[in-house]
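Here this note's numbering is used: the first residue of the sequence shown is 1032, the next is one more, and so on.
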Amino acid sequence: MSANSFGHIFKFHSFGESHGAGMGAVIEGCPSGVPFSLEDVRRELDRRRPGRWPWSSSRKEPDEPEILSGVFEGKTLGTPIGILVRNKDARPQDYKAIKEKPRAGHADDLWREKFRHWDHRGGGRASGRETLSRVLAGSVARSLLKELCPAFRVMAFVRQIGNVFLEDGDLKTAEELFQKNILSETFSACFPHKEKSEQVVKSLLKAKQEGNSLGSLIELWIEGLPKGLGQPVFHKFKSDLVQGLMSLGASSGVEIGKGFSSAKEEGLTFHKSSENYGGLRGGLTTSERIVMRVAFKPPSTLGKMAKEGRHDPCIGPRAVPVVEAMACIVSVDHLLWSRLDRLKPGI
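Below you can see the structure in the form of structure tokens.
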């Protein structure tokens, strides 16, 4: 399998299975001398760690990172950075039945038919635990972004869970968090609205109790990137970021700026405001705020299995740091790539 790597200049390779020995990432393309903090890596891992909320998976993983290579005396070496997180609370015995009877809505049967010999334990590579590798790579990308682009800011938050939605007029709190560089986890379920976050919590607890699940929508904001990032024609900034977001398990759609609602617009109206473009034109960054949304379908584990097992009734809250990680990876990759655009600045 050669499809477990992502990126061009800054790239990472994701490895591991959900109920195997561990998960990890090998990151290449990070220059030497970048300050590296293990505590920063732990913080990002903790944001996606299971068991943080009463409605989420009860799997108890400490998610402690081990630096295997590429870092010495608190700085990167310019060589491959290997990071491993060992699985401590794996329960492979819980998934014996899946080997012969695939779960509805999952990809168990597809993986079995595709590879014949496969890891059925919790979905193996198809498990949401694979996103841990992306967060590891994203934490390294964040460190490099601080050096290459100090103005860079990113924030993802949950804008919809089930039928509870943040209207445009409800985004004041999200804007305040973004301006102050405060994580959306300040609010329950990463839903930055006092009253509506309480509604969301009730919906999630109810779904967990009933063995049901809920769909969700995450909004992503990026600021501080210079103009012109992206490589026409097949690796526009937008296409690489969309690829990264759509490669997440359970993702079902991505929208940029006005997105799908632009299909009903007239040009004379639509092009009056550059905000409608979502910070991208011709697939390249405009230096304005990038606004994207990614939808996640309701998790497929339902009924008795959802009640008795260790499953999340909604993807959105735990996917927030993963969406941010992919945004950081694509941003730093294209910042490095842009250095090859011209022989000299201004020529």
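The beta carbon of each residue, even a glycine, is placed where N, CA and C say it ideally should be.
For residue 1185, the pairing in a beta bridge is given by DSSP as 1253. Taking C-beta atoms under 8 Å as the contact rule, residue 1344 and residue 1235 qualify, at a distance of about 6 Å. Where residue 1047 is concerned, the enclosing beta strand (DSSP E) starts and stops at 1042-1047.
Its Cα nearest to that of residue 1175, the residue 1068 stands out among 1302, 1068, 1354.
For residue 1059, the enclosing beta strand (DSSP E) starts and ends at 1053-1059. Between residue 1041 and residue 1364 the beta-carbon gap is near 4 Å, inside 8 Å, which marks them as a contact. If you draw a straight line from the Cα of residue 1309 to the Cα of residue 1267, it comes to about 14 Å. When the five nearest sequence neighbours on each side are left out, the beta carbons in the same chain lying within less than 7 Å of the beta carbon of residue 1136 are those of 1331, in order along the chain. Residue nearest to residue 1059 within the set 1104, 1095, 1098, 1112 is 1112 (criterion: CA-CA distance). Following the DSSP letters along the chain, one finds residue 1353 inside the alpha helix (DSSP H) bounded by residues 1347-1368. Under the three-state reduction of DSSP output, residue 1326 falls in the strand class. Taking the Cα positions, residue 1107 is about 33 Å away from residue 1282. Boundaries of the alpha helix (DSSP H) around residue 1204: 1203-1210. In the DSSP assignment, residue 1145 falls within the alpha helix (DSSP H) that extends over 1139-1146. Under the 8 Å Cβ criterion, the stretch 1140-1156 does not count as touching the stretch 1072-1079, having fewer than three qualifying pairs.
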